[in-house]
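Going by this note's numbering, the sequence shown opens with residue 306, and the numbers climb by one from there.
Every residue, glycine too, gets a C-beta built ideally from N, C-alpha and C.
Before any comments, here is the structure.
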Amino acid sequence: MPNEAWQARAAAGLIALVAWVSLATQVMVAFDNLDLLGGTHGMAIWRLLGFFTILTNLLIALTMTARATGRWPRGWPDERHALGTLAISIGLVGAVYHAVLAKLWNPVGLHWWSDQGLHTAVPLLFCLYWLMFSPKSGLRWSDAGRWMLYPSLYAAYALARGTLDGWYPYPFLDVGKLGYPVVLANVVGLAIAVGLGASILIGYARWRGRPSA
């Protein structure tokens, strides 16, 4: 196996391990706080699955496991687009958390470790992985729209869930407190940020793919 391919698989395995351990630790923390998460284990899992952080880390754990084992499942999206979507999405997780959400609470113990794993370690490791190992050939500027699809679907999902049960996973999506005009403005602002970030990544990929002089 070429050295770079071995390095890519080893790096994917490391990221998968960090993501799975962080997710498992978060589930343990949730089960220890059932009174805050619906009162049952099922409700706690359902509440966790409302967070973009959890869903994105879960997708990364699955994707990096596939990359580490060299078994990309049939029917999954093209690796370039799957990894690009996840890079911009987990970058958003880390940026929004550290810029907006981290100041709102102070987790301790296992919760601190899971928090840092999901919002700091995985975002940094995965973005480095994308820069170093992700296939980038043939990416077009129009692919930025494809990479924006998952975050956009999440926003619709989170708002639909909130409409049904009155719970919103993030304060900037809380229609009950902010109203739809402000929340929709927040969503549009995040969409612009995602689109800009995706364009930057694609620009970098296209620059890397230019023929040498």
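For N308, the enclosing alpha helix (DSSP H) stretches over residues N308 to F336.
The alpha-carbon separation between L363 and W512 amounts to approximately 30 Å. Assigned with DSSP and collapsed to three states, R379 falls in coil, not helix or strand. In its chain, beyond the 5 residues on either side, R314, A317, G318 and A321 have a beta carbon closer than 6 Å to the beta carbon of A373. Nearest C-alpha to L501 among G450, Y485, R466 and P476: G450.
Residue ranges of uninterrupted alpha helix (DSSP H) with 4 or more members, entirely inside the segment 369-428 and ordered along the chain, are 384-401 and 415-421. In this structure, A329 sits away from L339, with a CB-CB distance that is not shorter than 8 Å.
Cβ atoms of W435 and L388 come within 8 Å of each other, at about 6 Å. The closest CA to that of Y455, considering only S504, I395, F431 and Y473, is found on I395.
For L495, the enclosing alpha helix (DSSP H) has its first and last residue at Y485 to R513. Here P474 is buried, its C-beta having at least 16 other C-beta atoms within 10 Å. Distance between W410 and E309, taken at the CA atoms: about 41 Å. Look at the segment 427-480 and you find no whole run of beta strand (DSSP E) that is 3 residues long or longer.
Shown here, T361 sits in a helix according to DSSP, grouped into three states.
Around the beta-carbon of M333, fewer than 16 other beta-carbon atoms lie within 10 Å, marking it exposed.
Considering only D470, K441, Y485 and L495, the residue with the shortest C-alpha distance to Y459 is L495.
One thing to note: A490 has its Cβ no nearer than 8 Å to the Cβ of L444. Bounds of the alpha helix (DSSP H) holding L353 are H346 to L353.
S447 has its alpha-carbon roughly 12 Å from the corresponding atom of L506.
Rounded to whole angstroms, the Cβ separation of A426 and A366 is 12 Å, and the two are not in contact under 8 Å.
Straight-line measurement puts the Cα of G414 at about 10 Å from the Cα of D420.
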